[in-house]
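K.L.:
The structure under discussion is supplied below as structure tokens; questions concerning it will follow.
There are 2 protein chains.
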Amino acid sequence: MSFLEKLERIPTRQDIAETHQAISEFIHYTPILTCESLNLISGAELFFKCENFQKIGAFKMRGAASTAVRLEDEELEKGFATHSSGNHAQAVARTAMLLGVPAYIVMPENAPPVKVAATKGYGAEIIFCKNVEDREPTLQEVVERTGATFIHPYNDYNVIAGQATSALELLQDVEELDVVIAPVGGGGLLSGTALSTRYWSPSTKVIGAEPEVVNDAWRSMQSGQIEVNATTNTIADGLRTNLGEKTFDIIQKHVDDILTVSEEEIIEALRLVWERMKIVIEPSSAVPLAAILQNKERFEGEKIGIILTGGNVDLSKLPF
Amino acid sequence: MSFLEKLERIPTRQDIAETHQAISEFIHYTPILTCESLNLISGAELFFKCENFQKIGAFKMRGAASTAVRLEDEELEKGFATHSSGNHAQAVARTAMLLGVPAYIVMPENAPPVKVAATKGYGAEIIFCKNVEDREPTLQEVVERTGATFIHPYNDYNVIAGQATSALELLQDVEELDVVIAPVGGGGLLSGTALSTRYWSPSTKVIGAEPEVVNDAWRSMQSGQIEVNATTNTIADGLRTNLGEKTFDIIQKHVDDILTVSEEEIIEALRLVWERMKIVIEPSSAVPLAAILQNKERFEGEKIGIILTGGNVDLSKLPF
Numbered sequence: 007m008s009f010l011e012k013l014e015r016i017p018t019r020q021d022i023a024e025t026h027q028a029i030s031e032f033i034h035y036t037p038i039l040t041c042e043s044l045n046l047i048s049g050a051e052l053f054f055k056c057e058n059f060q061k062i063g064a065f066k067m068r069g070a071a072s073t074a075v076r077l078e079d080e081e082l083e084k085g086f087a088t089h090s091s092g093n094h095a096q097a098v099a100r101t102a103m104l105l106g107v108p109a110y111i112v113m114p115e116n117a118p119p120v121k122v123a124a125t126k127g128y129g130a131e132i133i134f135c136k137n138v139e140d141r142e143p144t145l146q147e148v149v150e151r152t153g154a155t156f157i158h159p160y161n162d163y164n165v166i167a168g169q170a171t172s173a174l175e176l177l178q179d180v181e182e183l184d185v186v187i188a189p190v191g192g193g194g195l196l197s198g199t200a201l202s203t204r205y206w207s208p209s210t211k212v213i214g215a216e217p218e219v220v221n222d223a224w225r226s227m228q229s230g231q232i233e234v235n236a237t238t239n240t241i242a243d244g245l246r247t248n249l250g251e252k253t254f255d256i257i258q259k260h261v262d263d264i265l266t267v268s269e270e271e272i273i274e275a276l277r278l279v280w281e282r283m284k285i286v287i288e289p290s291s292a293v294p295l296a297a298i299l300q301n302k303e304r305f306e307g308e309k310i311g312i313i314l315t316g317g318n319v320d321l322s323k324l325p326f
Numbered sequence: 007m008s009f010l011e012k013l014e015r016i017p018t019r020q021d022i023a024e025t026h027q028a029i030s031e032f033i034h035y036t037p038i039l040t041c042e043s044l045n046l047i048s049g050a051e052l053f054f055k056c057e058n059f060q061k062i063g064a065f066k067m068r069g070a071a072s073t074a075v076r077l078e079d080e081e082l083e084k085g086f087a088t089h090s091s092g093n094h095a096q097a098v099a100r101t102a103m104l105l106g107v108p109a110y111i112v113m114p115e116n117a118p119p120v121k122v123a124a125t126k127g128y129g130a131e132i133i134f135c136k137n138v139e140d141r142e143p144t145l146q147e148v149v150e151r152t153g154a155t156f157i158h159p160y161n162d163y164n165v166i167a168g169q170a171t172s173a174l175e176l177l178q179d180v181e182e183l184d185v186v187i188a189p190v191g192g193g194g195l196l197s198g199t200a201l202s203t204r205y206w207s208p209s210t211k212v213i214g215a216e217p218e219v220v221n222d223a224w225r226s227m228q229s230g231q232i233e234v235n236a237t238t239n240t241i242a243d244g245l246r247t248n249l250g251e252k253t254f255d256i257i258q259k260h261v262d263d264i265l266t267v268s269e270e271e272i273i274e275a276l277r278l279v280w281e282r283m284k285i286v287i288e289p290s291s292a293v294p295l296a297a298i299l300q301n302k303e304r305f306e307g308e309k310i311g312i313i314l315t316g317g318n319v320d321l322s323k324l325p326f
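Sequence lines, in order, name chains A and B.
Residues 7 to 326 (our numbering) are what the first sequence spells out, left to right.
Residues 7 to 326 (our numbering) are what the second sequence spells out, left to right.
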């Protein structure tokens, strides 16, 4: 018996509230940290929502759990499948492990061994594909063979409803935010954040932040259609993906602006968070702070919520 | 007018409680974090007291403030002096800045520029000395010239009463701990931790942890007199100091055991905390966890409080 119905529409306020309740056993209600010295440096009042402290070290756990709680028993027991070599892979694997069902993760042959090991550590079966073109057919084959449910990394209303619960917690804990900023890759987090903000704090602005070198979201907002990236050469490895049609639709309607930052600005913001806040975040998480620091006049004196998306980094390969 | 009287005796339970109240404006009441995966790895139930989130990024703020609140106005306005190129220097400088009085910090000429800059950043005047032998005379000269109050890094009852407040908070927040473990360098933190534990949770064991290469505390406990280190060649740069007679006296009476760990074990524990807990701690802070992991049978199933002393690291010089 599933807890909730599968979503075939943009999640409503009630959908997100019910999702938050339904996934509570799978996730941490993460803390919000503040930092005097980063307030001084930015000239704004910053509230950091710490998804780096989330299970598996990233917000992706919310979206995976949000799908799992909508499956019937006979679907559940066949497990989950996805393609990812990042946090989404670990989130799907961990959710499956918690439920005692199989997880099948398609990864490219050249995926970093540390990511393969982490995902295997959660009991998942890894299926390697040769390249990006081979990814979808490999996944399709796995789904047909196993009957597992495909959990899309972002372009799925069930996943979006899960990612939306991070901003819901933020808005519950901090009142009267002027702005909420989240990074944007495929747009699952940003679209969910935008929905929660519209529902629970309609006067709060929602801004997406992304690296200049993968500024597909910014260009998509300009052109009105989904643009793709020519390169994926950013340190913010969670943000290399293009938008999906579901996430773009929500972002177009409910996100006020997209800001872009350089690789150097990301690394500087990353170092500031590590040094001043004493927490480990991944480069993607530093993009919103970098955007604030590059637009100090615009944000002066404002109360800003920042979603720190995760903290999974390879300590042997730091950019400092 | 001073808040409290200067302490010329081992701090009592009331002294420590009053100190905690008196310094509340100067310090953060730091959070306690837990981590499922470190519980699994250690086989124990661990509660991490996060002094890395303390002001200036280390517990030393408590001891400096504890001295400041005991000074008369005419003493206060002449400021503070100390010798240190580490967290104690920053703590004394920051306390002086908060009170609007001068701070004079004696540092060796070869102190790391990053530490000099951090201390200057809190408005302190740095006075360089040629070498370790020159340190005390230089400090003496500064104190005579300025009338500043010397705040000893550890061998002082006022400082010990301040450092004791970290364990006081830990014991207030977590009931029925079997063990509290703190690292030991000069012994200010460990002696304060031992006093608070005796006063507020008498059946809880108190253990000190130190690097094998600077195992002066372990040898001092064996011999019954203060032993010194032949080398200071440990990555745990906060623990290179020998005990003082005041701290040793308390440690002898109230600490149950000293455990030592290798440099490799410290680095392994450091990496585990960064990777699993997503927080930045300095190598000295990893020593207690390293000691637990090297003595798993002894600690199996126990409820253990660990004081994470600080998070000030040079990100350009990580051991990973």
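The beta-carbon is built from N, C-alpha and C at its ideal position, and this holds for glycine as well.
Going by beta carbon distance, what residues of the same chain come within less than 6 Å of residue 261 (chain B), once the five residues before and after it are set aside?
P.N.:
Excluding positions up to five away in sequence, the list reads 200, 212 and 214.
K.L.:
Against chain B, which members of the region 276–300 of chain A pass a CB distance test of less than 7 Å?
P.N.:
Residues passing the 7 Å Cβ filter: 277, 280, 281, 284, 285 and 286.
K.L.:
Distance check for residue 284 (chain A) and residue 296 (chain A), CA to CA, integer angstroms please.
P.N.:
When rounded, the separation of the alpha-carbon atoms in residue 296 (chain A) and residue 284 (chain A) is 17 Å.
K.L.:
Which residues in the same chain have their Cβ closer than 6 Å to the Cβ of residue 276 (chain B), if we skip the five residues on either side of it in sequence?
P.N.:
289 and 292
K.L.:
Evaluate the contact criterion for the region 233–241 of chain A versus the region 141–159 of chain A: three or more CB pairs, one atom per stretch, below 8 Å.
P.N.:
Touching, no.
K.L.:
Should residue 58 (chain A) be labelled buried (16 or more other beta-carbon atoms within 10 Å of its own) or exposed?
P.N.:
By the C-beta density criterion, residue 58 (chain A) is buried, having at least 16 other C-beta atoms within 10 angstroms.
K.L.:
With distances taken between CB atoms, is the gap from residue 134 (chain B) to residue 75 (chain B) smaller than 7 Å?
P.N.:
Residue 134 (chain B) places its beta carbon 7 Å or farther from that of residue 75 (chain B).
K.L.:
Taking a contact to mean a Cβ-Cβ separation below 7 Å, would you say residue 71 (chain A) touches residue 101 (chain A) in this structure?
P.N.:
For residue 71 (chain A) and residue 101 (chain A), yes; Cβs fall inside 7 Å.
K.L.:
Determine whether the beta carbon atoms of residue 307 (chain A) and residue 245 (chain A) lie at a separation below 7 Å.
P.N.:
For residue 307 (chain A) and residue 245 (chain A), no; Cβs fall outside 7 Å.
K.L.:
Interface residues of chain A around residue 59 (chain B) at Cβ under 7 Å?
P.N.:
Within chain A, the residues placing a beta-carbon under 7 Å from that of residue 59 (chain B) are 284, ordered along the chain.
K.L.:
Have a look at residue 30 (chain B) and residue 251 (chain A) and give me their C-alpha separation to the nearest angstrom.
P.N.:
52 Å
K.L.:
Is the CB of residue 322 (chain A) under 7 Å away from at least one CB in chain B?
P.N.:
yes
K.L.:
I believe residue 55 (chain B) touches residue 313 (chain B) by the beta-carbon criterion, under 8 Å. Please report the beta-carbon distance rounded to the nearest angstrom.
P.N.:
5 Å
K.L.:
When you compare only the Cα positions, how much space is there between residue 105 (chain B) and residue 157 (chain B)?
P.N.:
15 Å
K.L.:
Looking only at its chain, what residues have a beta carbon closer than 6 Å to the beta carbon of residue 188 (chain B), apart from the 5 residues adjacent to it on each side?
P.N.:
If we look at residue 188 (chain B) and ignore the five residues flanking it on each side, its Cβ neighbours are 195, 196, 199 and 313.
K.L.:
For residue 61 (chain B), does the count of other Cβ atoms within 10 angstroms reach 16, so buried, or fall short, so exposed?
P.N.:
buried
K.L.:
So what does DSSP say about residue 179 (chain B), is it helix, strand or coil?
P.N.:
helix
K.L.:
Establish whether the CB of residue 317 (chain B) and some CB of chain A are separated by less than 7 Å.
P.N.:
yes
K.L.:
Distance check for residue 168 (chain A) and residue 253 (chain A), CA to CA, integer angstroms please.
P.N.:
Our two residues, residue 253 (chain A) and residue 168 (chain A), have alpha carbons roughly 13 Å apart in a direct line.
K.L.:
Below 7 Å between beta carbons: does that hold for residue 273 (chain A) and residue 325 (chain A)?
P.N.:
yes
K.L.:
Against residue 63 (chain B), what residues of chain A qualify as contacts under a CB-to-CB distance less than 9 Å, listed in chain order?
P.N.:
281, 282 and 284
K.L.:
For residue 99 (chain A), name the three-state secondary structure that DSSP assigns.
P.N.:
helix
K.L.:
Measure the CB-CB distance between residue 91 (chain B) and residue 117 (chain B) and report whether it falls below 7 Å.
P.N.:
yes
K.L.:
Could you pull the DSSP bridge partners for residue 312 (chain B) from this structure?
P.N.:
B:54 and B:187
K.L.:
So, does the CB of residue 326 (chain A) fall closer than 7 Å to a CB anywhere in chain D?
P.N.:
Within the model displayed, chain D is absent; protein chains A and B are what it includes.
K.L.:
Go to residue 89 (chain A), then tell me how far its beta strand (DSSP E) extends in each direction, as first and last residue.
P.N.:
For residue 89 (chain A), the enclosing beta strand (DSSP E) starts and ends at 86–89.
K.L.:
Of the choices A:230, A:299, A:268 and A:242, whose alpha-carbon is the least far from that of residue 258 (chain A)?
P.N.:
A:230
K.L.:
Let me check understanding here. Comparing Cα to Cα, which of B:12, B:15 and B:22 lies closest to residue 175 (chain B)?
P.N.:
B:22
K.L.:
Please work out which residues of its chain come closer than 7 Å, Cβ to Cβ, to residue 96 (chain B), disregarding the five sequence neighbours upstream and downstream, and give them in chain order.
P.N.:
62, 124, 125 and 128
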